[in-house]
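Please read the structure below before turning to the comments.
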Amino acid sequence: MLRAEKLNDEERPPILSEDTLVGLLGSESIVDLGSGTGFYTAPGSKGLERVARALKPGGRLVIVDWKHSHTALEHGPPLELRSTWREVVEVLAPHFSTTEGHDLDRYFFVAIGVK
Numbered sequence: 002m003l004r005a006e007k008l009n010d011e012e013r014p015p016i017l018s019e020d021t022l023v024g025l026l027g028s029e030s031i032v033d034l035g036s037g038t039g040f041y042t043a044p045g046s047k048g049l050e051r052v053a054r055a056l057k058p059g060g061r062l063v064i065v066d067w068k069h070s071h072t073a074l075e076h077g078p079p080l081e082l083r084s085t086w087r088e089v090v091e092v093l094a095p096h097f098s099t100t101e102g103h104d105l106d107r108y109f110f111v112a113i114g115v116k
């Protein structure tokens, strides 16, 4: 069961990255699978394997998540729950033909796997 929490927008303003930095414009479909790196980086996780099987050849999985950075701690989850884009690309590699990643801004990174 999901539990929703109401956040005070004045206390926690959204931190947004410019969508053009991710390179999704013109994509046929975008699906939000979840947030937080734990669902795809946890040892023994089958999440990436299932997503990779569902994608058609040439399909992309794009992960945008909070950076593991000591200089961007005022927003987002605790540092120990974050990953670097390099760690995520390493987890993507066995399931995708090509992978790439980079920082989007001070707070977020993107990791992409192409089947």
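Here the numbering used here is used: the first residue of the sequence shown is 2, the next is one more, and so on. Beta carbons: idealized from backbone N, C-alpha and C, even for Gly.
Please report the residue range of the beta strand (DSSP E) in which ALA94 lies.
-> Along the sequence shown, one-based indexing puts residue 94 at 93. Counting along the chain, ALA94 falls outside any beta strand (DSSP E), and DSSP gives it neither H nor E.
DSSP three-state assignment for LEU56, whether helix, strand or coil = Taking the first residue of the sequence shown as 1, we reach residue 56 at position 55. Three-state result, LEU56: coil.
Residues near LEU62 by beta carbon distance below 6 Å, same chain, minus five either side | Residue mapping note: residue 62 aligns to position 61 of the sequence shown, counting from 1. Non-local beta-carbon contacts of LEU62 in its own chain, meaning distances under 6 Å to residues more than five positions away in sequence, involve VAL52, GLY114 in chain order.
Roughly how many angstroms separate the alpha carbons of PRO58 and LYS116, rounded to a whole number?
-> Locating residue 58 in the sequence shown gives position 57, where the first residue counts as 1. Locating residue 116 in the sequence shown gives position 115, where the first residue counts as 1. PRO58 and LYS116: Cα-Cα distance of roughly 5 Å.
Leaving aside the five residues before and after TRP86 along the sequence, list all residues of the same chain whose C-beta is less than 8 Å from its C-beta, in chain order.
-> By 1-based counting over the sequence shown, the position of residue 86 is 85. For TRP86, same chain residues with a beta-carbon under 8 Å away, outside a window of 5 residues either side, are LYS68, GLY102, HIS103, ASP104, PHE110, VAL111, ALA112 in chain order.
Exposure of MET2, with buried meaning 16 or more beta-carbon neighbours within 10 Å = One-based indexing of the sequence shown puts residue 2 at position 1. Unreliable positioning characterises MET2 in this predicted model, as indicated by a pLDDT of 30, which lies under 50. A coordinate reading is not provided.
Work out the CA separation of LEU74 and VAL90 for me, nearest whole Å.
-> Residue mapping note: residue 90 aligns to position 89 of the sequence shown, counting from 1. Residue mapping note: residue 74 aligns to position 73 of the sequence shown, counting from 1. One C-alpha to the other measures close to 22 Å.
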